[in-house]
Amino acid sequence: PTTTGAARTVTVVMPELKGKLHGIAIRVPTPIVSLVDFVADLSRKVDAEAVNDAFRKAADGELKGILEYCDKPLVSSDFKGNPASAIFDALSTMVIDDSLIKVLAWYDNEWGYSCRLADLALYIINKGL
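Here it is in structure tokens:
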């Protein structure tokens with residue numbers, strides 16, 4: 074396990090999670106695919122189905138193209154070359170005591186980052202900056 078700035082970054086976008094979110098990155102057999110482990114203590118009761126549904130809606134909605142939802146039993150090498158910044162692993166969702174959740178997300182360190190840089194370049198061009 075190693076540290077990741079992903080948890081800090083999430084709290085920038087979703088400040089209500091500050092102090093409730095922790096993340097680690099685990100390098101897996103492929104050198105460019107990583108797995109992030111997020112644990113959060115929510116203020117309300119949930120079950121795994123509700124957590125997965127929230128991620129599915131985000132992946133299909135406002136985060137489409139950035140977040141991907143996966144409910145298949147895949148392994149690290151399956152995510153190599155995936156353009157998403159995070160691929161939510163729905164089969165790994167855990168809920169403890171109705172409010173403590175643990176979710177996992179895969180990402181290709183190099184390709185996902187490169188795709189976001191391309192998105193940023195297009196944004197700058199389209200804004201005429």
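For the sequence shown, counting from 1, position 106 maps to 179 in the numbering used here; every step adds exactly one. Don't be surprised by glycine CBs; every beta carbon is placed ideally from N, CA and C. Every value quoted in this text rests on a predicted model; they were computed, and no experiment measured them.
- Here Lys118 is not bridged, per DSSP, to any residue.
- Of all C-beta pairs linking the region 106–115 to the region 169–183, three or more are shorter than 8 Å, placing the two stretches in contact.
- Phe161 sits away from Glu135, with the two beta carbons spaced by 8 Å or more.
- Counting other Cβ atoms within 10 Å of its Cβ, Val86 stays below 16 and is therefore classed as exposed.
- Annotated three-state conformation of Leu173 is strand, per DSSP.
- In this structure, Ser172 sits away from Lys91, with a CB-CB distance that is not shorter than 8 Å.
- For Asp192, the uninterrupted alpha helix (DSSP H) run begins and ends at Asn182 to Lys200, by DSSP.
- Taking each of Tyr186, Val148, Ile174 and Thr77 in turn and checking the Cα distance to Pro102, the smallest one comes out for Val148.
- Under the three-state reduction of DSSP output, Glu135 falls in the coil class, being neither helix nor strand.
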